[in-house]
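Quick notes on the structure that follows.
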Amino acid sequence: MVRAMKDSGVEWIGEIPEHWDIKKIKYLLKERNEKNTPIKTRDILSLSAANGVVPYGEKTGGGNKAKDDVSLYKIAHPKDIVMNSMNIIAGSVALSQYHGCVSPVYYMFYSDDKDSDINYFSNIFQSKEFQRSLMGLGNGILIKHSEKSDKLNTIRLRIPSEKMKNTLLPVPPLKEQRKIAAMLDEKNAHIDSIISKTKESIEAFKTYKQALITETVTKGLNPDVKMKDSGIEWIGEIPEHWEITKIKNIVKIVNGKDNVVKDGEIPVYGSSATPFGFTDKIMHDKETVLLGRKGTIDKPQFIKEPFWAVDTVFYTIPKRNTYLKFFFYCMSGFDYKKYTYGSAIPSMSQGILNEIKLPYPILKEQQQIADFLDEKTAHIDSLIANKEKMVQELEAYKKAMIYEYVTGKKEVE
DNA sequence: GATACACTCGCGATTACCTT
DNA sequence: AAGGTAATCGCGAGTGTATC
Numbered sequence: 044m045v046r047a048m049k050d051s052g053v054e055w056i057g058e059i060p061e062h063w064d065i066k067k068i069k070y071l072l073k074e075r076n077e078k079n080t081p082i083k084t085r086d087i088l089s090l091s092a093a094n095g096v097v098p099y100g101e102k103t104g105g106g107n108k109a110k111d112d113v114s115l116y117k118i119a120h121p122k123d124i125v126m127n128s129m130n131i132i133a134g135s136v137a138l139s140q141y142h143g144c145v146s147p148v149y150y151m152f153y154s155d156d157k158d159s160d161i162n163y164f165s166n167i168f169q170s171k172e173f174q175r176s177l178m179g180l181g182n183g184i185l186i187k188h189s190e191k192s193d194k195l196n197t198i199r200l201r202i203p204s205e206k207m208k209n210t211l212l213p214v215p216p217l218k219e220q221r222k223i224a225a226m227l228d229e230k231n232a233h234i235d236s237i238i239s240k241t242k243e244s245i246e247a248f249k250t251y252k253q254a255l256i257t258e259t260v261t262k263g264l265n266p267d268v269k270m271k272d273s274g275i276e277w278i279g280e281i282p283e284h285w286e287i288t289k290i291k292n293i294v295k296i297v298n299g300k301d302n303v304v305k306d307g308e309i310p311v312y313g314s315s316a317t318p319f320g321f322t323d324k325i326m327h328d329k330e331t332v333l334l335g336r337k338g339t340i341d342k343p344q345f346i347k348e349p350f351w352a353v354d355t356v357f358y359t360i361p362k363r364n365t366y367l368k369f370f371f372y373c374m375s376g377f378d379y380k381k382y383t384y385g386s387a388i389p390s391m392s393q394g395i396l397n398e399i400k401l402p403y404p405i406l407k408e409q410q411q412i413a414d415f416l417d418e419k420t421a422h423i424d425s426l427i428a429n430k431e432k433m434v435q436e437l438e439a440y441k442k443a444m445i446y447e448y449v450t451g452k453k454e455v456e
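Residue numbering for the first sequence follows our numbering, starting at 44 and increasing by one per position.
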């Protein structure tokens, strides 16, 4: 059945059901402008887009230090909608479950009207359409859009409380407000559980990928082959015809160098996954595996292009019977922590690396295993990418769903 | 009170640099 | 070549301050 709709006259709201109203916030909710003087509480609360209202001690990330003088703070109560007047456009608004003091730039709104259900209005504040509709109201203009998370970080933009109070919201009858809020609670919980399950499965795939690499470089591709003990714990049994040999027999390890000239077209690699600059000198022009010397040492990299390497990594030159990609997978497959040392920053040396023992099948078998792993890991990576995309879509869907229901485009069954 | 306007903090990860 | 530490960078994520 299609409901009769009417134009709300408000751009971000669009059409609403005929029996709904449009009202200013000030006729729906009250601003709680309660100062912390004399001091009523020293429990400071913090608000963030990701986590909502939490006790200051539990907040994550940076931010300024809280003031020493809490008498300048405002008070928030449980069931208050708390919003950061300078950051609400970026989603910094949430329903509080705590009593405590908050930054003076926050606004608290609460319901003392028997016709306004705070949970319903809280949902409106969560919808991206509402948040972005406030854009024109702010004083100050700098906006930073994050491509990655599609978030708007409002650098300096404060919405005066009067303008906030005059903002229009869609208003269903109380009974419907409650129905919508309850339904959204339930749906959100459901979607959240799907999201967290998906995230778990992403982790499982990553674990599986790692296990597959270790398994394949130590056991080979033929499950029927006769095995023998390698004498090395993490390697376990290996095929009978394989050898175990030290890294110094597999590759030659060379230190990178500092003093990088930063102009030119030769990529400079350190221990991060992407080159951090360019130079005009070539250190090595054949494919190599980069191994970490300091800091991040558990992320070997396979490089095919001519490069320059800084002094916190090693590069490697394969010996005659080495298929370098197989060596790369071997180095991706074991636990570096056992071998590292150093106080503040974990370190690795040529001496230690050279003595590490690895499985060493004949060249052709190394290549077969590497090819197999290339294909398998690419497949697993694409599965992981799909799941990550799915998580993003679910989060977007959540926001979109809130909008659909709080503006009555969809009706609660 | 209104208005204009950046700055702060944390922190990990890396690189730079110096000494042995 | 190795080891230690300082400096830097990026970046997320906060929060107000200065001035009229």
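Even for Gly, the Cβ is constructed at its ideal location relative to N, Cα and C.
Can you tell me which of the three DSSP states residue i falls into?
{"i": "residue 21", "result": "For residue 21 there is no data in the structure shown, the boundaries of the chain being 44 and 456."}
{"i": "residue 433", "result": "helix"}
{"i": "residue 79", "result": "coil"}
{"i": "residue 419", "result": "helix"}
{"i": "residue 100", "result": "helix"}
{"i": "residue 424", "result": "helix"}
{"i": "residue 326", "result": "coil"}
{"i": "residue 414", "result": "helix"}
{"i": "residue 48", "result": "strand"}
{"i": "residue 280", "result": "strand"}
{"i": "residue 85", "result": "coil"}
{"i": "residue 191", "result": "Reliability fails at residue 191, whose pLDDT of 49 lies under 50, so the model's placement of it is uncertain and no value is given."}
{"i": "residue 170", "result": "coil"}
{"i": "residue 455", "result": "coil"}
{"i": "residue 298", "result": "strand"}
{"i": "residue 90", "result": "strand"}
{"i": "residue 475", "result": "Outside the modelled stretch of the chain, which goes from 44 to 456, sits residue 475, for which no answer is possible."}
Kindly list the residues whose CB is nearer than 6 angstroms to the CB of residue i, restricted to its own chain and excluding five residues on each side of it in sequence; keep chain order.
{"i": "residue 114", "result": "79, 80, 82"}
{"i": "residue 458", "result": "Nothing about residue 458 can be reported from this structure: the residues present for the chain run from 44 to 456 only."}
{"i": "residue 392", "result": "none"}
{"i": "residue 86", "result": "143"}
{"i": "residue 250", "result": "none"}
{"i": "residue 161", "result": "122, 154"}
{"i": "residue 273", "result": "281, 287"}
Less than 7 angstroms between C-beta atoms, sequence neighbours within five positions excluded: which residues of the same chain meet that for residue i?
{"i": "residue 408", "result": "263"}
{"i": "residue 430", "result": "241, 244, 245"}
{"i": "residue 155", "result": "73"}
{"i": "residue 542", "result": "Only positions 44 to 456 of the chain appear in the structure, and residue 542 is not among them; the question remains open."}
{"i": "residue 313", "result": "319, 353, 355, 356"}
{"i": "residue 225", "result": "none"}
{"i": "residue 270", "result": "280, 281, 282, 283"}
{"i": "residue 174", "result": "131, 132, 134"}
Determine whether the beta carbon atoms of residue i and residue j lie at a separation below 8 angstroms.
{"i": "residue 75", "j": "residue 142", "result": "no"}
{"i": "residue 320", "j": "residue 294", "result": "no"}
{"i": "residue 166", "j": "residue 455", "result": "no"}
{"i": "residue 451", "j": "residue 388", "result": "no"}
{"i": "residue 261", "j": "residue 281", "result": "yes"}
{"i": "residue 357", "j": "residue 265", "result": "no"}
{"i": "residue 252", "j": "residue 365", "result": "no"}
{"i": "residue 48", "j": "residue 65", "result": "no"}
{"i": "residue 163", "j": "residue 202", "result": "no"}
{"i": "residue 287", "j": "residue 403", "result": "yes"}
{"i": "residue 350", "j": "residue 296", "result": "no"}
{"i": "residue 218", "j": "residue 180", "result": "no"}
{"i": "residue 51", "j": "residue 213", "result": "yes"}
{"i": "residue 68", "j": "residue 230", "result": "no"}
{"i": "residue 397", "j": "residue 300", "result": "no"}
{"i": "residue 432", "j": "residue 289", "result": "no"}
{"i": "residue 234", "j": "residue 440", "result": "yes"}
{"i": "residue 416", "j": "residue 248", "result": "no"}
Identify the residues that DSSP records as bridge partners of residue i: which are they?
{"i": "residue 310", "result": "321"}
{"i": "residue 119", "result": "143"}
{"i": "residue 124", "result": "138, 152"}
{"i": "residue 402", "result": "287"}
{"i": "residue 58", "result": "50"}
{"i": "residue 270", "result": "282"}
{"i": "residue 331", "result": "346"}
{"i": "residue 337", "result": "390"}
{"i": "residue 65", "result": "213"}
{"i": "residue 74", "result": "152"}
To which residues of the same chain is residue i closer than 8 angstroms at the C-beta, ignoring the five residues directly before and after it?
{"i": "residue 149", "result": "90, 117, 119, 125, 126, 127, 128"}
{"i": "residue 332", "result": "294, 343, 344, 345, 346, 358, 359, 367, 370, 371, 374"}
{"i": "residue 410", "result": "366, 368, 369"}
Return the chain-ordered ranges of every beta strand (DSSP E) run that is complete within the segment 352-393 and spans a minimum of 3 residues.
356-361
Contiguous beta strand (DSSP E) assignments of at least 3 residues, all confined to the segment 206-262
211-214
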